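Note sheet for the following structure.
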Amino acid sequence: MTTKVMIPLHKDEVAPRFDLSTEVLMAWCSDEGNVEQEKLLILPGPSAERICHMAMTEHVQAIICGGIDQEVFDYLTWKNVDVIDDVIGRATTVLRRYLSGRLHRGDIVP
Amino acid sequence: MRDAHALDFYRLLDDVPLGVLVMDRHRRVVFCNRFLETLIGMPALTTEGLHCRNVVRSRACITGCPAEHHAELSETACIQSDLINRDRKRIPVRMTLSSLYDINGKPVGFIETIEDLRHLKAHDEEAAQAYSFSHIVGQSVQMQKLFGMLPVVAQSDASVLITGETGTGKDMLAEALHQESARAKGPFVKINCGALPETLLESELFGHTKGAFTGAVENKQGRFYLAHNGTLYLTEIGDLPLPLQVKLLTFLDDKIVYPLGSTKGYAANVRVIAATHRDLEQMVREGRFRQDLFFRLNVMRLNIPPLRDRDGDVRLLVDYFLNYFNQKLHRNMSGFSAKAMQILLSYAYPGNVRELRNIVEYAVSVCREKKILAAHLPTYLSERRPMAVEPSTPSEPAVQRAGPAPVRREGVSSWIEMEKQLILDTLVHTRGNRVLAAKQLGWARSTLWRKMKQYGIDAS
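Written as structure tokens, this is what we have:
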């Protein structure tokens, strides 16, 4: 079974703000911790609602992001999305750390 | 960058009640003070070496950082934005970013101050429905409409033209707009365009260089220079001489100030607020005020209505000023007698709020009793012919009688028109007898003659 992970981006890093991101990295990850497929999605403009909607329609299981509003965080967790926020680092490195099961809220990944 | 000598400086910054972030040329954090640490909810030590946008996480960091493509800023940037802290709370902030230089003048990084604006925002929300803005009070429909506009006007950086009769509170409004704007931390510089002769005013506004004219023994910075990053308030703009209107227009177009006698200008980041009690449109028609300058200043226009047109505000202001002077003069007045209040409500206040304030101050100072009686009011209020007051119906609240006490007539819009109409009515009543008319109006004959001449009334 694959896990769908979403990372809002700012350039190649995890976006400092969930609501202001206009690019999203979507990754399909295997149970063994490998990235099976990656897709970069460009949004027409920054919007927390749009990213949430995309997460729902794409059946995302986990979101890794920087700063996020409590309201949006509560909505996503209520929808059974695992949100790991306050993360700083390059998206690919962060994703590797997540897949190894060592990524936690507030982590700064060098 | 962080050496032994700088440590004391950092300790000082730690005690500043304002978020302070020091960054290197690549905007990587070198120092984060204690206030900011609390505001963002991130330990200062963990911020070191991180890119500032990952630490502050403000909207401005992502959508338009002034230092994004520059190693140095030509001028200090002040931005209102919001950030999301580690408690997932969105906080409105005002950020001021400036370049840092070493002793050789080489840019070495940036310093940013971050101010928490939560208390101001809460105030803004209240102000949107409240009967006041800053220290301006009013509950009339006209004033509530004005209060609704003010937060928007304050946040914009456009030029503002404030119009209104004398004593309506134009100066207070200008200062309130500055205090509520993103430039609040900058200076608020006021200059009265009617108070100085033309040559002196030019030098005062734009500055001059040494030798520009006889007596210019040294360079002088003008008010525009002093108002850099703040607001310049030009009161009585209608009295600005025509040559200076051109110079002001040039500044509003280019944002560059040329001091008197200098060919080299400097850029000044100044918001201009102008005010006048004159009818600028009329002045434009008469060629006494430049139309292009009028259009430039008239980007946002706020007209403060005269007190007589503000239904219900006289009573509110009477209570407000009574409370104010009770505190200021350490008195304990309980209020006004019914007769005194009736006089206050039926007066037309040509001097507007300023006049009402002075009347209340006079009454509070003079009165030695618990309640202010009619006798404690300035005598000229009762000496004048009482303005006709519409009899209030029992169901009508007293406050609704306040404001424009004189009888309202169709098509009569200003005090001047109303007074002219009053004179005409009296003259018709006395069949053109000016002695009788003056007597009925409670004026001296010379006063009636002067006013008739002023309004172009010919009784013959």
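Line order of the protein sequences matches chains A and B.
When we follow the numbering used here, the leftmost residue of the first sequence carries the number 1, and every step to the right adds one.
When we follow the numbering used here, the leftmost residue of the second sequence carries the number 1, and every step to the right adds one.
Just so you know, even glycine gets a beta-carbon here, dropped at the ideal spot from N, CA and C.
The model shown is predicted, which means the values in this text are computed figures rather than measured ones.
If you look at B:Q80, you'll find it isn't in any alpha helix (DSSP H); it sits in the beta strand (DSSP E) that goes A77 to I84.
Contacts with chain A (Cβ-Cβ distance below 9 Å) from the stretch 87 to 107 of chain B involve D87, R88, K89 and R90, listed in chain order.
The beta carbon of B:E369 is closer than 7 Å to none in its chain, skipping five residues each way along the sequence.
Rounded to the nearest angstrom, the gap between the Cα atoms of B:Y258 and B:M300 is 26 Å. Taking C-beta atoms under 8 Å as the contact rule, A:P46 and A:S21 qualify, at a distance of about 6 Å. Secondary structure at B:T379: helix, using DSSP grouped into helix, strand and coil. Taking a Cβ-Cβ threshold of 7 Å, the residues of chain B close to A:P16 are R53, N54, R57, C61 and I62, in chain order. For the C-beta of B:I256, not a single chain A residue is nearer than 7 Å; the gap to the nearest is close to 34 Å. For B:R34, the three-state secondary structure derived from DSSP is helix.
When rounded, the separation of the alpha-carbon atoms in B:T235 and B:Q245 is 13 Å. Taken in chain order, the whole alpha helix (DSSP H) runs of length 4 or more contained in the stretch 194 to 268 of chain B are 198 to 206, 223 to 226 and 242 to 254. Under DSSP, A:H10 takes part in a beta bridge, and its partners are A:E13.
Residue pairing by DSSP places B:T113 opposite B:V20 and B:T96 in a beta bridge.
The three-state reading of DSSP puts B:H51 in strand, counting E and B together. For B:A44, the secondary structure class from DSSP, reduced to helix, strand or coil, is helix. The bridge partners DSSP lists for B:S58 are B:L83.
Per DSSP, reduced to three states, the secondary structure at A:T3 is strand. Neighbours of A:G33 in chain B, taken as residues at a C-beta separation under 9 Å, are lacking, since the least C-beta distance is about 26 Å. For chain B, the residues of the stretch 94 to 109 of chain A that bring a beta carbon within less than 8 Å of one of its beta carbons are G106 and I108, in chain order.
Its Cα nearest to that of A:E38, the residue A:T3 stands out among A:T3, A:T77, A:G89 and A:A48. Around the C-beta of A:I88, 16 or more other C-beta atoms lie within 10 Å, and the residue is accordingly described as buried.
Secondary structure of A:V109 (DSSP, three-state): coil. Ranked by Cα distance from B:Y225, the options B:P241, B:S140, B:G207 and B:R434 are led by B:G207.
Contact check for B:L373 against B:S334 fails: the beta carbons are separated by 8 Å or more.
Look at B:E165 here: in three-state DSSP terms it is coil, with no helix or strand label. If you look at B:L373, you'll find it isn't in any alpha helix (DSSP H); DSSP assigns it neither H nor E.
If you ignore the 5 residues before and after B:V272, its C-beta comes within less than 6 Å of the C-beta of S159 and L232, all in its own chain and listed in chain order. Residue pairing for B:T276: DSSP places it in a beta bridge opposite B:T163.
By the 16-neighbour rule on beta-carbons within 10 angstroms, B:S81 is buried. The alpha-carbon separation between B:R223 and B:P306 amounts to approximately 30 Å. Against chain B, the beta carbon of A:L20 has neighbours under 7 Å at R59, I62 and T63, listed in chain order. A:I68 belongs to the set of residues whose beta carbon lies under 8 Å from a beta carbon in chain B.
Taking the C-beta atoms as reference points, A:I64 is found no nearer than 8 Å to A:I51. When 9 Å is used as the limit between beta carbons, B:T38 is near no residue of chain A, the shortest such separation being about 16 Å. Note that the stretch 150 to 170 of chain B does not touch the stretch 49 to 64 of chain B; fewer than 3 beta-carbon pairs, one per stretch, sit closer than 8 Å.
Within a 10 Å sphere around the beta-carbon of B:P243 sit fewer than 16 other beta-carbons, which makes this residue exposed.
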